[in-house]
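Structure record follows, encoded as structure tokens.
Protein chains: 4
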Amino acid sequence: MKRDVGHRRWAVAEGYIPPRSTGRGRALESHETLCILNAGNCDARVTITVYFSDRGPAGPYRVVVPARRTRHLRFNDFRKPEPVPKGVDFSSLVESTVPIVVQHTRLDSRQPALALLSTIAFPVG
Amino acid sequence: MKRDVGHRRWAVAEGYIPPRSTGRGRALESHETLCILNAGNCDARVTITVYFSDRGPAGPYRVVVPARRTRHLRFNDFRKPEPVPKGVDFSSLVESTVPIVVQHTRLDSRQPALALLSTIAFPVG
Amino acid sequence: MKRDVGHRRWAVAEGYIPPRSTGRGRALESHETLCILNAGNCDARVTITVYFSDRGPAGPYRVVVPARRTRHLRFNDFRKPEPVPKGVDFSSLVESTVPIVVQHTRLDSRQPALALLSTIAFPVG
Amino acid sequence: MKRDVGHRRWAVAEGYIPPRSTGRGRALESHETLCILNAGNCDARVTITVYFSDRGPAGPYRVVVPARRTRHLRFNDFRKPEPVPKGVDFSSLVESTVPIVVQHTRLDSRQPALALLSTIAFPVG
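Chains as they are written, first to last, in the working numbering: chain A, -7 to 117; chain B, -7 to 117; chain C, -7 to 117; chain D, -7 to 117.
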């Protein structure tokens, strides 16, 4: 069965790490996430560039999504080449060596009840 | 009127069954859902494969969506060939014998106020 | 400027009118909505068919979205040929005489804090 | 690397600025947002038209998204040629001189727990 599904480049125009959390533990900590599915038979070498409103882009952030695996990456965890600041508007561009599928999710627990958003990313080629 | 609408393969990169609930009853139990519309005149034999970050895929999970019907499937209810674990990141690939439309929805009631997310799935062929 | 934007047929696989509300007034009443933009210069005659899991489709529900106008239609308000039941899973198919753009939104106020979801509908032709 | 990503025209059928807020400060004020990514090397001159249910369109609202930058625009902040009223249903059409990517997000803090929704906008050319 054909399993190379998706596109090699995806854009997410929304991005924001809520600067506070009220939940307990990592699961309920406010976070901004890229969910990446690599349903194919080759590992995906993925590069993420982060765009801001008032400075040049950050990155590239590099990650491998192995064949037939998913990774849900939190921008909160990005360290190299620099952390992504909290409470700041950003966008991201995701580029992969093989076709992948990307979805964007935020959990916001700034107030004492969490909120969620999610959308398929936009395939750009 | 032409009623075969959609695609035969869809991907959902996000997936997570919240491991706790505060609501009462099935309606408010935290759940992760695939909503499938079969607007056509033939039953859809649907196969779902679930991808994880640290192990090989699970499935295939098999379901029939009859002609001119919808089914809103909870990953929580999947049993064969194995349950989908709660509190674990996953993705899914949906494959059908006829065109369908797929949307992904989560209800998260871990905190004492529910949160919702939803997105159209990504058509991959 | 070209203003006929969108497609003539759209599908929304998710659908559910939460059966209870805690908010006050129409704005905070739990509702399931189709938002339709007709940016063109001709009125759109729109037909909506609602699909269920355990019975045949309901409809057609008919509405006009005038040229250069938007309408945010609540399934809660549908009356002819029959109301859409609350607390029941459904999907919908939207068909128009001219190109439109459709987005699906739910406001759920069953618990004492509202939840929202939204997604672009799926263009099927 | 090719960096002109996206489309020149996008539609968002949903639009509503919640008329009240319970959060403190700008971050938690109820807002309706267009997130725009310009990953290209030329500034994007962007025009936004807002459609209503009971009157003609408002706009054009004009904004520049510089090359390799993002802007998250709140309809709440639109002033010229006229403010966008709160508590009113609307849709929007976004047109740019260069390819961009558009995502639509709402933060609703009318009740004492915020709610979020987001979706990729619909590319119309």
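Here a beta-carbon is modelled for each residue, glycine too, at the ideal position from N, C-alpha and C. Just so you know, these numbers come straight off a predicted model, no measurement behind them.
Straight-line spacing of the CA atoms in L20 of chain D and I9 of chain C works out to 27 Å.
Non-local beta-carbon contacts of V4 of chain D in its own chain, meaning distances under 6 Å to residues more than five positions away in sequence, involve S84, H96, A113 in chain order. Residue pairing for L108 of chain C: DSSP places it in a beta bridge opposite C:L99.
The beta-carbon distance between H64 of chain C and D81 of chain D, rounded to whole angstroms, is 4 Å. This is short enough to meet the 8 Å contact definition.
Secondary-structure assignment with DSSP links I9 of chain D through no beta bridge to anything.
Across the structure, Q103 of chain B and C34 of chain D are spaced so that their CA atoms are roughly 45 Å apart. Within its own chain, the residues whose Cβ lies closer than 6 Å to the Cβ of I28 of chain A, once the five positions on either side in sequence are excluded, are V57, R63, I92, V94, listed in chain order.
The Cβ atoms of P115 of chain C and H(-1) of chain C sit closer than 7 Å to each other. Only A105 from the stretch 79 to 108 of chain A bring a Cβ to less than 7 Å from some Cβ of chain C.
Comparing alpha carbon positions, the residue from D:G117, D:P77, D:G32 closest to V42 of chain D is D:P77.
Residues are counted here when their Cβ sits less than 8 Å from a Cβ of chain A; for the stretch 38 to 68 of chain D these are R60, R61, T62, R63, H64, given in chain order. Check the Cα spacing between T25 of chain B and each of C:F67, C:G17, C:G7: the tightest is with C:G7.
Under the criterion of beta carbons closer than 8 Å, R18 of chain D and G117 of chain D do not qualify as touching, at roughly 34 Å. Between A19 of chain D and chain C, the shortest Cβ-Cβ separation is not below 7 Å. Taken through DSSP and simplified to helix, strand or coil, F67 of chain A comes out as helix. Contact residues of the stretch 25 to 39 of chain D toward chain A are T25, L26, C27, I28, L29, N30, A31 (C-beta to C-beta distance below 9 Å).
Non-local beta-carbon contacts of G15 of chain D in its own chain, meaning distances under 7 Å to residues more than five positions away in sequence, involve E21, S101, L106 in chain order. The C-alpha of R47 of chain C is placed about 21 Å away from the C-alpha of S88 of chain B. Runs of the beta strand (DSSP E) lying entirely within the stretch 8 to 93 of chain B and spanning at least 3 residues, in chain order: 23 to 30, 36 to 44, 50 to 57, 61 to 66.
Contact annotation, N30 of chain D with A59 of chain D: C-beta distance approximately 6 Å; criterion of less than 8 Å satisfied. Residue-level contact check: S110 of chain D touches chain A, since one or more beta carbons of chain A fall below 7 Å from its beta carbon. Note on R61 of chain D: 16 or more other CB atoms within 10 angstroms of its CB, so buried under the neighbour-count rule. When the alpha-carbon of P11 of chain C is set against those of C:V38, C:P52, C:I40, C:F67, the nearest one is in C:F67.
Residue state for V116 of chain D is assigned as coil, using DSSP reduced to three classes. Taken in chain order, the members of the stretch -7 to 7 of chain B whose beta-carbon sits within less than 8 Å of a beta-carbon on chain A are R1, A3, V4, A5, E6, G7. Within the model, the alpha-carbon separation for L108 of chain A versus S13 of chain B is close to 15 Å.
DSSP places V4 of chain C within a strand segment (E or B) once states are collapsed to three.
In this model, V(-3) of chain C and S110 of chain B are separated by some 24 Å (Cα to Cα). With contacts defined as CB atoms closer than 7 Å, V86 of chain B and A36 of chain B fail to qualify as a contacting pair. Cα atoms of D69 of chain C and P75 of chain C: separation of roughly 8 Å, rounded to the nearest angstrom.
Proximity of V116 of chain D to chain C, defined by a Cβ-Cβ separation below 7 Å, is satisfied. In the same chain as G79 of chain B, and ignoring 5 residues on each side of it, the C-beta atoms closer than 8 Å to its own belong to Y8, I9, P10, P11, in chain order.
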